[in-house]
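Q: My structure is below; once you've seen it, I'll send some questions.
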Amino acid sequence: PGKRLKAVRLLQESAPQIEAQAVLVSAMLTDTNPGIRLRSIKILKNYEISELIINACIKILLEDENEAVRQQALEIISNHPMEKSLPVLQIVSVMDENEYIKAQAAMTLQSFRESVDPDAIEVK
């Protein structure tokens, strides 16, 4: 983990680039060390939040076992709300094992609902 952590730190010090973003997203999704996943997601907060990052955060929120990593993913989703995040927020607000994460997901969901024009939502 020492070499991987050094690599993540080097990416943190470099200017945000597409290649670095891809490496960080890969690390936050696949590294077995939760410290590296956490560091990667924290660094990604400094990047322009792309759909790639949102999709990765959704996956983390639903699948990562580490509460700190899930909490950081939720923070990114909360600060960059997208309609595609709504179903995930609904699930997490009810099913996450961490009460803080459940509450934050519920608050984000409520905030998103209040900010959306009800006439703009398509019901299928």
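For what it's worth, my numbering labels the leading residue of the sequence shown as 76, then goes sequentially. All residues carry an ideal CB built from backbone N, CA and C; glycine is no exception.
What is the DSSP secondary structure of Tyr175, counted as helix, strand or coil?
A: Residue 175 sits at position 100 when you count from the first residue of the sequence shown. DSSP places Tyr175 in helix when its eight states are reduced to three.
Q: Just to confirm my understanding: we take Leu119, look at its own chain, exclude 5 residues before and 5 after, and list those with CB closer than 6 Å. What are they?
A: As a first step, residue 119 must be located in the sequence shown, where it is residue number 44. Closer than 6 Å at Cβ, skipping near neighbours: Leu99, Ile128.
Q: Give me, in chain order, the residues of the same chain whose beta-carbon lies closer than 7 Å to that of Ile117; leave out the 5 immediate sequence neighbours on both sides.
A: Here residue 117 refers to the residue found at position 42 when the sequence shown is read from its first residue. According to the sequence provided, residue 117 is Lys. The question's Ile does not apply to it. Here the set comprises Gln147.
Q: Check each candidate in Ile152, Arg84, Ala82 and name the one with the smallest Cα separation from Ala131.
A: For the purposes of this step, residue 131 is taken as the residue at position 56 of the sequence shown. Out of Ile152, Arg84, Ala82, Ile152 has the C-alpha closest to the C-alpha of Ala131.
Q: For Ser115, name the three-state secondary structure that DSSP assigns.
A: Reading the sequence shown from its first residue, position 40 is the one you call residue 115. In this structure, Ser115 counts as helix in the three-state DSSP scheme.
Q: Am I right that Leu104 and Lys134 are in contact with their C-beta atoms under 8 Å? What's the rounded C-beta distance?
A: Here residue 104 refers to the residue found at position 29 when the sequence shown is read from its first residue. Here residue 134 refers to the residue found at position 59 when the sequence shown is read from its first residue. Confirmed, Cβ separation roughly 6 Å.
Q: What are the start and end residues of the alpha helix (DSSP H) that includes Pro162?
A: By one-based count along the sequence shown, residue 162 stands at place 87. Note, Pro162: alpha helix (DSSP H), 161-170.
Q: I'd like the list of long-range same chain contacts for Asn173, defined as Cβ closer than 8 Å, with 5 residues on each side in sequence excluded.
A: The residue given as residue 173 occupies position 98 in the sequence shown. Cβ neighbours of Asn173 beyond the five flanking positions: Glu142, Arg145, Gln146.
Q: Using the three-state DSSP reduction, which class does Glu140 fall into: helix, strand or coil?
A: Reading the sequence shown from its first residue, position 65 is the one you call residue 140. Three-state DSSP puts Glu140 in coil, outside helix and strand.
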